[in-house]
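**Student:** Here UniProt numbering is used: position 212 in the sequence shown is 212, and no number is missing along the way.
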Amino acid sequence: MVRLIRLLKLARMLKMGKLVQRIEDMLDLSPLTLRCINLGTKLTVMSHFLGCFWFFVSTHGDPEADQCQSGLLECNSTLPGTTWWEEVNIKPDDKFDQYIASIYWAFTTMTTVGYGDIHPRSDRERVYAIVAMIFGATMFGYIIGSIAALAGQERGIEALTKKRLSLVRVFCEEQRVSENKVREVMKHYQFFYKERSPFNETALMMDLPNWIRKKVARHIHREAISKLGIFVGAVC
Numbered sequence: 001m002v003r004l005i006r007l008l009k010l011a012r013m014l015k016m017g018k019l020v021q022r023i024e025d026m027l028d029l030s031p032l033t034l035r036c037i038n039l040g041t042k043l044t045v046m047s048h049f050l051g052c053f054w055f056f057v058s059t060h061g062d063p064e065a066d067q068c069q070s071g072l073l074e075c076n077s078t079l080p081g082t083t084w085w086e087e088v089n090i091k092p093d094d095k096f097d098q099y100i101a102s103i104y105w106a107f108t109t110m111t112t113v114g115y116g117d118i119h120p121r122s123d124r125e126r127v128y129a130i131v132a133m134i135f136g137a138t139m140f141g142y143i144i145g146s147i148a149a150l151a152g153q154e155r156g157i158e159a160l161t162k163k164r165l166s167l168v169r170v171f172c173e174e175q176r177v178s179e180n181k182v183r184e185v186m187k188h189y190q191f192f193y194k195e196r197s198p199f200n201e202t203a204l205m206m207d208l209p210n211w212i213r214k215k216v217a218r219h220i221h222r223e224a225i226s227k228l229g230i231f232v233g234a235v236c
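#1: The alpha helix (DSSP H) that contains M213, what's its start and end?
#2: Please decide whether I225 counts as near chain C, where near means a Cβ-Cβ distance under 8 Å.
#3: Hey, out of P209, T78, E86, R35, whose CA is closest to D117's CA?
#4: For E184, is the classification buried or exposed, using 16 other Cβ atoms within 10 angstroms of its Cβ as the cut-off for buried?
#5: Under the rule that 16 or more other beta-carbon atoms within 10 Å means buried, what is V235, buried or exposed?
#6: Assuming the contact rule is C-beta atoms closer than 8 Å, A132 and L50 should be a hit. Round their C-beta distance to whole Å, please.
#7: Since S102 and G71 should fall inside the 8 Å C-beta cutoff, what is the C-beta to C-beta distance between them, to a whole number of angstroms?
#8: With a threshold of 6 Å on Cβ separation, who are the neighbours of M139 within its own chain once the five nearest residues in sequence on each side are excluded?
#9: I'd like the list of long-range same chain contacts for S77, defined as Cβ closer than 6 Å, with 5 residues on each side in sequence excluded.
#10: Using the Cβ count rule (16 or more neighbours within 10 Å means buried), how would you classify W211?
#11: Between the Cα of R126 and the Cα atoms of T83, K163, T41, T112, which residue gives the shortest distance?
Written as structure tokens, this is what we have:
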């Protein structure tokens, strides 16, 4: 019970949201980059906890139990039971090696690779491995699916341009415009939206407060501003 109460200290991690928000504001990264970093961080944290509990489970068995009592398959009752890290010749004092091996096992389990070089040696470890496979593989599948969705997701401006062009084509078809003229109209609007944003930038900018409008304008035109000598070294 005392150890479970100590786990409540993990609630302090909830305060990290404000710290992460500050870091995002300082880095000023794109939403897509932040989403990828967020997913990668979730995968790393998940593997960390799976690996730590994997080692925790292995250290809380009966040290005097033989192989059969610990639940080893094809056991020998004359030999003492071993843990997964003892089986791969990791010593009790090699904490770094234990941690790296635990993280390695967690990643291979989550990704369903399962090389088999590290495997359960007791019923206790085997039960935990089943739980880790269920939750780890589910989490990994969610993260990979999210990354695939981000990779195939169109940017906002591309999606809006396609929507506008689709409306133009529907209008031409309703007005029974010939296909040749439809192609000419589509070429015109493709060039138009290529040179000019499909968003109503003036209306969007005017709705912003003056201090935010200045920051957004400097960000949008940052490349042009950097090429103008009058703005070199100026404090914005």
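For glycine and all other residues, C-beta sits at the position ideal for the given N, C-alpha and C.
On a predicted model such as this, the values are computed, not experimentally measured, just so you know.
**Tutor:** Checking against the coordinates, here is how it stands:
#1: Locating residue 213 in the sequence shown gives position 213, counting from the first residue. What sits at residue 213 in the sequence shown is Arg, not Met. Counting along the chain, the alpha helix (DSSP H) containing R213 begins and ends at 210-220.
#2: Among the protein chains of the structure shown there is no chain C, as only one such chain exists.
#3: Numbered from 1 along the sequence shown, position 117 holds the residue referred to as residue 117. Ranked by Cα distance from D117, the options P209, T78, E86, R35 are led by E86.
#4: Against the sequence shown, residue 184 aligns to sequence position 184. The residue is exposed, with fewer than 16 neighbouring Cβ atoms inside 10 Å.
#5: Here residue 235 is taken as the residue at index 235 of the sequence shown, counted from 1. Unreliable positioning characterises V235 in this predicted model, as indicated by a pLDDT of 49, which lies under 50. A coordinate reading is not provided.
#6: Counted from its first residue, the sequence shown places residue 132 at position 132. Counted from its first residue, the sequence shown places residue 50 at position 50. Contact flag correct, Cβ pair sits at about 5 Å.
#7: Reading the sequence shown from its first residue, position 102 is the one you call residue 102. Reading the sequence shown from its first residue, position 71 is the one you call residue 71. Contact between S102 and G71 does not hold, since the beta-carbon distance rounds to 20 Å and is not under 8 Å.
#8: Translated into the one-based positions of the sequence shown, residue 139 becomes position 139. Correct list, in chain order: M46.
#9: Locating residue 77 in the sequence shown gives position 77, where the first residue counts as 1. Here the set comprises D66, C68.
#10: The residue you call residue 211 lines up with position 211 of the sequence shown. Classification for W211: exposed.
#11: Mapped onto the sequence shown, residue 126 falls at position 126. Residue T83 is the option with its Cα nearest to R126.
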